[in-house]
Structures are given as C-alpha cells and as structure tokens.
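Colleague: Can you keep this structure in mind? I'll have questions shortly.
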Amino acid sequence: MKLDIRYGEHPGDAKHYDTETMRNHFLFDKAFIENEISLCYTHSDRVVFGGACPAGKKLRLEGGKDFGSDVFLDRRELGIICIAGNGTVSAGGTDYPMKKGDGMYIGKGVADVEFSSGGSGPAKFYLVSAPAHTAYPTVFIPIEKANPRKLGDPENVNVRTIYQYVHPAVCQSCQLVMGMTILEPGSVWNTMPCHTHERRMEVYFYFDMKPGSVVFHLHGQPQETRHIVMNNEQCVISPSWSIHSGVGTGAYTFIWGMAGENQTFDDMDHVAMEDLR
C-alpha cells in the first residue's frame with residue numbers, strides 16, 4: 370500500500386502559493402496504480418482517500434504506523450464507490466459484487482477488507498475514510514439505492530444529479546459523508562454559486578473525462594480564489610476555509626467526500642457571486 374501524507378495549510382499562507390506549490394499541497398494525481406492501494410492522508414480532519422486497482426490479485430487494506438493500528442478500520446470508517454469495471458469487495462468475510470456506480474459503507478472495527486476484479490479487466494474502487502468513534506453496520510449501496518437530488522438549470526449550464534451514498538438519508542455513519550455528482554450533457558459547472566463549510570473539509574475526485582478535457586477546480590477563500598487544473602482521475606483537497614467548485618471543458622463526473630463537525634448536507638456558508646474575488 371502506498372501512502373502520501375499532506376499537512377494542514379493556513380489560508381493566509383495558501384494565498385501566496387504559486388501553481389506548483391498549490392498542486393503539491395492540494396492535488397493528488399496517483400489514485401489508481403495497478404495492483405496497488407494508493408492513498409493520500411490529509412491532516413485536514415485526518416481524511417484518507419485514494420484508490421484500489423486490483424489487476425490479477427487481491428488487494429488487502431492494511432493499517433500500520435501511520436494509522437496507529439495494524440487494522441486500518443480499527444478507529445476509522447470507510448466509503449467506497451466503484452468507478453470502472455466489475456469487481457468484489459470483501460468485508461468481514463462477506464463478498465459484495467460491485468459494478469460501476471455501486472458503493473458501500475464499512476464501519477469501524479471491520480478487520481478484513483479486500484478488493485478483487487472480475488474477468489473484464491481491472492476494477493477501480495475509489496475510497497474515502499474518516500476517523501470514527503462508533504461502529505455502524507456495513508451497507509452495500511448500489512447506485513439504484515443511492516439518494517438522488519437533481520439541481521441546476523440549462524441556462525446556467527449546471528444541470529446535475531447528486532447521488533448521496535454515505536449520507537443520513539441512506540445509511541448511518543459517524544462523520545463521513547460521500548456521494549457522486551453526474552453532470553448532464555451540455556452542462557459544465559458544478560457548485561456555482563459556491564460556498565464553504567467551516568465545519569467540515571471536502572475532497573473531490575474527477576473522472577469520466579474525455580481525452581484532452583480538463584476541469585478548472587476553483588480553490589481558496591472567497592476573496593482570494595485560485596484554480597487548479599485537473600485531469601481525469603485526479604483528486605483535490607479542499608480545506609474547510611476553501612471554496613470548491615469547478616468548470617470543465619467537457620463532460621465529467623466527480624465524487625465528493627466530506628468529514629468534520631456534522632453531516633447536514635445543506636450546512637453551507639453561501640458566497641454571493643458579487644463577493645467573489
């Protein structure tokens with residue numbers, strides 16, 4: 370298992386970052402490596418995120434010194450969404466076959482978590498984990514059971530459906546909230562007008578982008594905005610003080626994962642368009 374560690378940043382420091390420094394601090398571009406579990410540990414709410422890409426062998430989620438336990442989920446919870454291929458997640462001795470778009474929640478204390486692929490090529494499982502203080506049951510969440518919320522309008526080119534997976538409307542969790550947003554053809558904006566949520570951080574993972582497409586992910590405090598150019602299957606960390614919005618040159622989908630003080634989806638500090646700088 371590969372682990373990249375990122376430390377916290379003060380917004381007063383981050384506003385002075387150049388492009389390379391921004392990318393070094395907030396961009397994670399190695400989520401999927403064949404036959405590896407590749408993770409990033411951010412000190413923003415101690416969230417861990419990344420991918421498992423089994424290609425011909427099973428991959429086991431391990432703990433270690435960085436987590437203070439040999440069992441990864443000893444004091445953590447985990448959300449998973451399959452973004453490509455077909456495979457199986459084994460959790461606590463039970464196998465869960467998964468297709469693209471299926472997800473699941475695995476609670477604190479589950480000792481054995483393994484990933485494997487079907488016969489049609491490597492599956493890709495995107496993972497988000499947060500510290501947990503209570504054990505909740507493991508729940509398999511096919512996309513048909515996720516909670517959909519359709520937002521936006523064609524005039525603002527932001528028609529999208531938000532599928533809530535790890536969310537109070539679907540299953541119990543300690544602090545992790547996770548879902549997937551799919552933009553409709555012709556729509557390129559997400560989360561604009563933008564917001565922050567001072568009580569929780571967020572990680573975005575962009576995927577299903579056509580070759581040659583990019584997403585301009587907006588970042589920073591509302592009066593000190595920056596952007597990070599994102600390619601397919603890349604992740605970006607948004608601390609609680611940062612906006613998190615994006616606009617693409619073509620179609621894309623993204624997975625969002627949040628952790629912090631509460632799980633109220635609409636607990637946002639909205640930013641008026643005229644106040645953006």
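Each number in the numbering used here corresponds to the 1-based position in the sequence shown with 369 added. Glycine residues also receive a C-beta, built at the ideal position from the N, C-alpha and C atoms.
Determine the DSSP secondary structure at P562, reduced to helix, strand or coil.
Modeller: Stepping through the sequence shown from its first residue, residue 562 is reached at position 193. The answer is coil: DSSP assigns P562 none of H, G, I, E or B.
Colleague: With distances taken Cα to Cα, identify the nearest neighbour of H477 among H613, E593 and T507.
Modeller: Looking up residue 477 in the sequence shown gives position 108. Looking at the sequence provided, one finds Lys at residue 477 rather than His. For K477, the nearest C-alpha among the options comes from T507.
Colleague: Run through DSSP, which three-state label would E571 get?
Modeller: Your numbering for residue 571 matches position 202 in the sequence shown. Strand, per DSSP.
Colleague: Please state whether the Cβ-Cβ distance between R445 and P500 is less than 8 Å.
Modeller: As a working mapping, residue 445 is identified with position 76 in the sequence shown. As a working mapping, residue 500 is identified with position 131 in the sequence shown. For R445 and P500, yes; Cβs fall inside 8 Å.
Colleague: Alpha helix (DSSP H) containing A383: first to last residue?
Modeller: As a first step, residue 383 must be located in the sequence shown, where it is residue number 14. It spans P380 to A383 - the alpha helix (DSSP H) in which A383 sits, taken as one unbroken run.
Colleague: Taking its Cβ as the centre, do 16 or more other Cβ atoms sit within 10 Å of G377, making it buried, or is it exposed?
Modeller: Start at 1 with the first residue of the sequence shown, and residue 377 comes out as number 8. Result: exposed.
Colleague: I need the boundaries of the beta strand (DSSP E) containing M599, first residue and last residue.
Modeller: Walking along the sequence shown from the start, residue 599 turns up at place 230. Looking at the DSSP string, the run of the beta strand (DSSP E) that includes M599 is R595 to M599.
Colleague: Quick check on DSSP: helix, strand or coil for H394?
Modeller: Position 25 of the sequence shown, counted from the first residue, corresponds to residue 394. Here H394 sits in helix by DSSP.
Colleague: Leaving aside the five residues before and after S498 along the sequence, list all residues of the same chain whose C-beta is less than 6 Å from its C-beta, in chain order.
Modeller: One-based indexing of the sequence shown puts residue 498 at position 129. Excluding sequence neighbours, S498 sits near V417, R445 and L447.
Colleague: To the nearest angstrom, report how far apart L545 and H566 are at their CA atoms.
Modeller: Indexing the sequence shown from 1 puts residue 545 at position 176. Indexing the sequence shown from 1 puts residue 566 at position 197. Near 14 Å, if we compare the C-alpha coordinates of H566 and L545.
Colleague: In the structure shown, what three-state DSSP assignment does D435 receive?
Modeller: Within the sequence shown, the letter at position 66 stands for residue 435. If DSSP states are grouped into helix, strand and coil, D435 belongs with the helices.
Colleague: Classify M549: buried if its beta carbon has 16 or more other beta carbons within 10 angstroms, exposed otherwise.
Modeller: Position 180 of the sequence shown, counting from 1, holds the residue named residue 549. Buried, by the Cβ-count rule.
Colleague: In terms of residues, what are the limits of the beta strand (DSSP E) holding D464?
Modeller: Within the sequence shown, numbered from 1, the residue matching residue 464 stands at position 95. Where D464 is concerned, the enclosing beta strand (DSSP E) stretches over T463 to M467.
Colleague: Assign P523 to one of three DSSP states: helix, strand, or coil.
Modeller: Start at 1 with the first residue of the sequence shown, and residue 523 comes out as number 154. The answer is helix: DSSP assigns P523 an H, G or I state.
Colleague: Checking 8 Å against the spacing of the C-beta atoms, do V616 and V557 come in under that value?
Modeller: Translated into the one-based positions of the sequence shown, residue 616 becomes position 247. Translated into the one-based positions of the sequence shown, residue 557 becomes position 188. Yes. Within cutoff.
Colleague: Using the Cβ count rule (16 or more neighbours within 10 Å means buried), how would you classify K493?
Modeller: Position 124 of the sequence shown, counting from 1, holds the residue named residue 493. Burial call: buried.
Colleague: Excluding the 5 residues flanking I452 on each side, which residues of the same chain have their C-beta closer than 7 Å to its C-beta?
Modeller: Taking the first residue of the sequence shown as 1, we reach residue 452 at position 83. Excluding sequence neighbours, I452 sits near K469, K493, Y495 and F576.
Colleague: Out of G619, R518 and G626, which one is the CA nearest neighbour of G555?
Modeller: As a working note, residue 555 is residue 186 in the sequence shown. Comparing Cα-Cα distances from G555 to each of G619, R518 and G626, the minimum goes to G619.
Colleague: Kindly identify the DSSP beta-bridge partner or partners of Y376.
Modeller: Position 7 of the sequence shown, counted from the start, is the residue given in the question as residue 376. According to DSSP, which records beta bridges pairwise, Y376 is partnered with nothing at all.
Colleague: Spatial neighbours of K519 within its chain, please: C-beta separation below 7 Å, excluding the five flanking residues on both sides.
Modeller: Along the sequence shown, read from residue 1 onward, the residue named residue 519 stands at position 150. These residues qualify, in order along the chain: T530.
Colleague: Give me whichever residues DSSP pairs with T550 in a beta bridge.
Modeller: Along the sequence shown, read from residue 1 onward, the residue named residue 550 stands at position 181. In the DSSP output, where bridge partners are listed per residue, T550 has I531 and F623.
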